[in-house]
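Per this note's numbering, residue 213 is the first one in the sequence shown, and the count goes up by one each step.
For reference, the structure discussed in these notes is given below.
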Amino acid sequence: MAKLTINDIDLRGKRVLARVDYNVPMAEQDGMMVINDDTRIRATLPTLRLMIERGARITLAAHLGRPKGERVPSMSLRPVADKLAGLIGQPVAFCDRCVGQAAEDAAAKLEDGGLLLLENVRYHAEEEANDPAFAGQLAKGTDIFVNDAFGAAHRAHASTVGVANLIAARGGQCVAGLLMERELQFLGDELESPERPFVVILGGAKVSDKIKVIDRLLEKADTILIGGAMAYTFKLAKGLTVGKSLVEPDKVDVARAALDKAAERGVQFLIPTDNIIAEPTEIDGKFAFGDHRVNDSENIPVDFEGVDIGPKSAEVFRGVVAGARTILWNGPMGIFEDERFAGGTFAVAKSVCEATANGAKSIIGGGDSVKALNNAGLGDQVTFMSTGGGASLEFLEGKALPGVAALTDK
Ligand code: AMP
């Protein structure tokens with residue numbers, strides 16, 4: 213069901229509460245918290261600029277980290293207010309409370325086009341409990357709720373669902389921001405009837421995390437390419453040996469069922485035929501990987517762990533991706549955090565970018581694939597990168613996200 217967006221409504225002079233995703237990585241430097249990566253803040257700028265241009269009075273609510281209902285100073289959003297002010301080129305007021313008199317006074321002072329950021333909503337345990345009284349305090353004085361926090365839309369919390377329900381109940385509009393709208397467009401509408409061939413690349417650690425996505429995409433994709441540790445559970449299902457690779461033996465049946473479904477539906481389902489392998493050892497009491505090498509066999513030797521797809525598989529994957537018109541990628545092909553095992557993920561990233569340059573639509577389903585593309589400096593060479601991790605996966609599974617469901621239908 214299509215949802216109203218900020219483009220559909222009148223904003224002038226209206227008090228807007230906008231939920232954004234400012235859960236940015238921070239580190240302490242000389243006794244101060246410094247933002248390491250401002251991607252999530254930048255991602256909200258189009259929504260904020262449009263609302264400012266249209267004269268809304270904007271209060272921003274967000275969470276940072278997991279303070280579990282306590283005021284943890286290292287998880288304050290104050291540095292985000294300063295960063296945002298610099299990026300957007302206008303002052304951003306900050307209130308060190310998110311509810312109560314101080315927050316209400318700060319919001320009441322806003323002029324048309326003014327911005328206020330509230331302190332971390334997760335300083336209150338009532339946020340994650342979706343407590344109605346807390347949601348009522350957050351929603352006080354608000355005319356319109358805007359949700360631009362796709363990354364938090366899979367959680368029914370006070371600042372995502374509670375406020376939306378309260379504002380809707382009193383006749384107010386609850387709308388998607390521009391970032392939320394793009395996420396729903398690319399992960400939803402574009403994949404509903406994708407231009408073919410539609411190639412899905414899935415990697416990462418566990419079959420159990422992604423089996424629902426695999427199952428759903430088996431009904432839509434022409435080809436599914438599997439990498440990462442997930443591939444070894446599929447190898448087990450095919451009766452191959454996996455050595456010491458990370459596997460989920462209790463998910464072999466699930467993997468076999470997916471292989472059967474692919475065969476029934478005529479979906480090409482490829483797992484790596486060669487791998488990079490390494491010997492897990494202990495050095496000075498610490499876990500480490502010893503020598504690594506290409507294993508040019510479908511089976512992994514007894515004492516070794518599969519840590520990446522091999523060069524032949526990367527080449528086969530490249531050929532498939534080159535012929536695609538729509539590509540969805542979620543999850544690394546190996547332990548890409550270790551540069552010795554990042555080759556397969558990097559090769560897939562390059563293949564996806566090449567296909568995009570040749571006219572394919574490429575959609576990156578969040579999490580570590582986004583990190584891998586950004587690490588390789590290729591983030592701007594794909595069609596769309598999702599800002600959600602868990603939210604993207606749940607959405608790709610076909611689940612209704614509570615934060616989206618709570619918005620007003622068109
Ligand atoms: P996910 O969050 O499910 O996308 O999984 C990402 C994680 O999977 C990354 O931290 C990778 O290091 C890990 N991973 C990918 N391939 C392997 C592998 N062959 N063995 C162990 N871990 C892997």
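Cβ atoms here follow ideal geometry from the backbone N, Cα and C, with glycine treated the same way.
Given the structure is predicted, the values throughout are model-derived calculations rather than measurements.
Residue environment, residue i, which counts as buried when at least 16 other CB atoms sit within 10 Å
i: Lys622; result: exposed
i: Thr251; result: exposed
i: Thr354; result: buried
i: Phe499; result: exposed
i: Ala381; result: exposed
i: Asp550; result: exposed
i: Arg231; result: buried
i: Asp580; result: buried
i: Gly577; result: buried
i: Gly389; result: buried
i: Gly571; result: exposed
i: Asp472; result: exposed
i: Gly522; result: buried
Beta-carbon contacts of residue i that lie in its chain and below 6 angstroms, excluding the five residues immediately before and after
i: Phe516; result: Gly455, Ile489, Glu491
i: Tyr335; result: Pro279, Arg283
i: Thr445; result: Val419, Val459, Glu460, Lys463, Ala467
i: Ala268; result: Leu223, Lys226, Val228
i: Lys573; result: Thr538, Thr595
i: Gly502; result: Glu491, Thr493
i: Ser525; result: Pro484, Thr485, Asp486
i: Cys565; result: Leu590, Gln593
i: Gly518; result: Tyr444, Ser457, Asn487, Ile489, Ile512
i: Phe548; result: Ala554, Thr557, Ala584
i: Val333; result: Ala273, His275, Cys310, Glu339, Ser371
Alpha-carbon to alpha-carbon, residue j and residue i
i: Asn487; j: Glu510; result: 8 angstroms
i: Val533; j: Pro285; result: 46 angstroms
i: Leu448; j: Pro513; result: 13 angstroms
i: Ala417; j: Val560; result: 17 angstroms
i: Asn219; j: Leu262; result: 9 angstroms
i: Leu399; j: Lys611; result: 12 angstroms
i: Glu340; j: Ala569; result: 42 angstroms
i: Val616; j: Asn507; result: 45 angstroms
i: Asn704; j: Gly556; result: Residue numbering for the chain in the displayed model covers 213 to 622; residue 704 lies beyond these limits and cannot be assessed.
i: Phe362; j: Val594; result: 19 angstroms
i: Arg367; j: Glu606; result: 11 angstroms
i: Gly326; j: Pro303; result: 8 angstroms
i: Ile356; j: Phe481; result: 46 angstroms
i: Met392; j: Ile495; result: 47 angstroms
i: Arg408; j: Ala536; result: 7 angstroms
i: Val479; j: Gln385; result: 43 angstroms
i: Gly374; j: Glu338; result: 11 angstroms
i: Asp360; j: His275; result: 13 angstroms
i: Ala475; j: Pro237; result: 43 angstroms
i: Leu260; j: Ala214; result: 21 angstroms
i: Glu395; j: Lys562; result: 23 angstroms
i: Thr372; j: Lys424; result: 25 angstroms
i: Lys352; j: Ser598; result: 31 angstroms
i: Glu404; j: Thr435; result: 16 angstroms
i: Ala469; j: Glu431; result: 14 angstroms
i: Phe553; j: Asp520; result: 6 angstroms
i: Asp242; j: Val411; result: 47 angstroms
i: Leu608; j: Pro406; result: 14 angstroms
Bridge-paired residues (DSSP) for residue i
i: Arg269; result: Arg227
i: Met597; result: Ile576
i: Arg505; result: Ile489
i: Thr538; result: Phe410, Lys573
i: Thr435; result: Val411, Gln480
i: Cys307; result: Leu330
i: Asp520; result: Ile488
i: Phe499; result: Glu494
i: Val246; result: Ala239
i: Thr217; result: Ala388
i: Asp621; result: Lys215
i: Val454; result: Ile512
8 angstroms CB neighbourhood of residue i in its chain, flanking five on each side removed
i: Ala239; result: Met245, Val246, Asn248
i: Ala305; result: Ala293, Ala318, Lys321, Leu322, Gly326, Leu327, Leu328, Leu329
i: Asp324; result: Arg224, Gly225, Gly267, Ala268, Arg269
i: Lys422; result: Leu414, Gly416, Met442, Asn542, Gly543, Leu605
i: Phe346; result: Val311, His336, Glu338, Glu339, Ala370, Gly374
i: Gly440; result: Leu414, Gly415, Gly416, Ala417, Gly543, Pro544, Met545, Gly546
Cβ neighbours of residue i in the same chain (closer than 7 angstroms, five flanking residues each side left out)
i: Leu452; result: Glu510, Asn511
i: Cys307; result: Ala314, Ala315, Ala318, Leu328, Leu330, Glu331
Distance cut-off 6 angstroms: residue i Cβ against heavy atoms of ligand 3
i: Pro484; result: Of the ligands one can find in the structure shown, namely ligand 1, none is ligand 3.
C-beta neighbour in chain B for residue i, strict 7 angstroms
i: Pro409; result: The structure shown contains no chain B, having only a single protein chain.
**OP:** Go through the segment 343 to 406 residue by residue and report every complete run of the alpha helix (DSSP H) that reaches 4 residues or more, in order.
**Re:** 344 to 351, 375 to 381, 390 to 395
**OP:** Would you list, in sequence order, the uninterrupted beta strand (DSSP E) runs of no fewer than 3 residues that lie entirely inside the segment 553 to 594?
**Re:** With a minimum length of 3 residues, the continuous beta strand (DSSP E) runs that stay inside the segment 553 to 594 are 573 to 576.
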